[in-house]
Amino acid sequence: MGVRLDKSLISLDWRLMFQDAMIVHLGWMKSGHMPLLLRKAYLKNELERLDIRRGVGIDSFLDSKYSSIWKEYEQVLAKEEVHWYTKSKAKWLHLGDRNPKSFHGVTIIRRRRNRYDMIKDGDGNWVVDSEKLEEMATKFYKDLYTKDFIYLPLVTSHAFPKLRDEAREELRRIPSLREIY
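So for the sequence shown, numbering that gives the first Met the number 0 puts the first residue at 0; every next one is plus one.
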């Protein structure tokens, strides 16, 4: 039996200010990320331990072991990066951002943004009952797609500023090989 450290105490003012906040207790094996974190911590500890032992003298066995653990550690880091990249639905990976914490932040924000806990009904009252919310959503889309479509032409003549001649010439210019590579 373990002790839980993830309890919280909040005031009514805080609760009113942060209405979406909640504590969720996931079992440690429910998170697909936990085994990766445990392996990462273990490998990092092994690398630090071997680094200290290698500092004492030259030992080809320790060097080989260190190299092998380092390769596995890099693989775990790559898996962690892919994990957060996948969850964040971000395109930063091919732009060179290798910071899993930023992916994690985007994932948390997206998860919160994509969830609706309450919606105002037609009378301006907040509805929190999940069945009622489901009915409201279904009715909204049924009404939306059964109404007659009204065509409104899109006016784009003043939507975007015109390009200056220099900018147009720059866009027409063929890039050099140096710029491509």
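Ideal Cβ positions, reconstructed from N, Cα and C, are used throughout, including at glycine.
For residue i, the first and last residue of its enclosing alpha helix (DSSP H)
| i | result |
| --- | --- |
| R177 | 176-179 |
| S7 | That residue, S7, is in no alpha helix (DSSP H); it is neither H nor E in DSSP. |
| D12 | 11-16 |
Residue i - partner residues in DSSP beta bridges
| i | result |
| --- | --- |
| W69 | None, per the DSSP bridge assignment. |
| W125 | K119 |
As assigned by DSSP and simplified to three states, the class of residue i
| i | result |
| --- | --- |
| I173 | coil |
| D50 | helix |
| M28 | In this prediction, M28 scores a pLDDT of 48, lower than 50, which makes its location untrustworthy; the coordinate-derived value is nonetheless stated afterwards. In the structure shown, M28 sits in coil (DSSP, three-state: anything other than H, G, I, E or B). |
| R38 | helix |
Rounded straight-line distance, which links the Cα of residue j to that of residue i
| i | j | result |
| --- | --- | --- |
| S7 | R48 | 37 Å |
| V81 | D122 | 46 Å |
| L162 | P174 | 19 Å |
| W13 | P34 | 34 Å |
| V127 | M16 | 18 Å |
| L76 | L42 | 11 Å |
| D187 | E73 | A question about residue 187 goes unanswered here, because the residues of the chain that appear run from 0 up to 180. |
_Quick check for students: name the residue ranges of the alpha helix (DSSP H) that lie wholly in the stretch 134-159, counting only runs of 4 or more._
none
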